[in-house]
Amino acid sequence: MGSSTLFYCLALSMVAVAAVSSTAAAEQVGPNEGSHLSAPAMKSSTFAAEVHEASSPARKLVDTPGSKCPVKFEKKTGYVELGKKCQKPPYKECCELFKKFACPYSKLINKIENGCVDDMFYFMRIKGNMDTSVFFYNCMDDPNGLKC
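Using mature numbering (1 follows the signal peptide of the UniProt record, and there is no 0), the letters of the sequence shown map in sequence onto residues -26 to -1, 1 to 122.
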């Protein structure tokens, strides 16, 4: 019985290490030099803002099993500062702060089907108390989107 207990402890510790390392790898998506936050991803900020306005109060189940985004945007910080910078023109500081926040995840955000862009804009609206469409209308660098 002692050896089976040791086996279970070892197996559980290996599962825990694998879970922590996969989460850490997903969280450490590095900067993507020369990349963009795509125009479709940026456009989803306007759609998200319209849906938010039409269906208040907003609710979202966080960290549900159906969530495909490996980034836990609900645990990120900086939403309040971003919300303060993006309340009114000029938007230069707002756009720079948005780039700093979003560009490290541009590859994930540009894959709209994984839900990362929706999660990010949701928490910007809720925690930053802001209209996320400001990014699409004021921060686009070119027709491709926002340069990172």
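Ideal placement from N, C-alpha and C gives every residue a C-beta, glycine not left out.
{"Item": "So who's on the other strand from S12, going by DSSP bridges?", "Value": "G119"}
{"Item": "Three or more C-beta pairs closer than 8 Å, one from the region 95 to 108 and one from the region 52 to 61: is that the case here?", "Value": "yes"}
{"Item": "Is DSSP giving C90 helix, strand or coil here?", "Value": "helix"}
{"Item": "Can you find the residues in the same chain that come closer than 6 Å, C-beta to C-beta, to S80, ignoring five residues on each side of it along the sequence?", "Value": "N6, S9, L11 and C122"}
{"Item": "Report all residues from its chain with a CB closer than 6 Å to the CB of E67; omit the five preceding and five following residues, and keep chain order.", "Value": "K59"}
{"Item": "Our contact map puts E48 next to F109 with C-beta atoms below 8 Å; I'd like the distance itself, whole angstroms only.", "Value": "Not really, about 19 Å apart at Cβ, beyond 8 Å."}
{"Item": "Once DSSP output is grouped into helix, strand and coil, what is the label at C113?", "Value": "coil"}
{"Item": "List the endpoints of the continuous alpha helix (DSSP H) containing E55.", "Value": "Y53 to K59"}
{"Item": "If you check the beta carbons only, do A76 and I83 fall under 8 Å apart?", "Value": "yes"}
{"Item": "Go through its chain and collect everything with a Cβ distance to V91's Cβ below 7 Å, but skip five positions before and after it.", "Value": "A15, S18 and I83"}
{"Item": "Could you check what DSSP says for M104 in three-state terms: helix, strand or coil?", "Value": "coil"}
{"Item": "When you compare only the Cα positions, how much space is there between D115 and T51?", "Value": "25 Å"}
{"Item": "Would the beta-carbon of F72 fall within 8 Å of that of C43?", "Value": "no"}
{"Item": "Using the Cα positions of K46 and Q61, report the straight-line distance between them to the nearest angstrom.", "Value": "25 Å"}
{"Item": "Excluding sequence positions up to five away, which residues of its chain have a Cβ less than 8 Å from the Cβ of A13?", "Value": "M114, P117, N118 and G119"}
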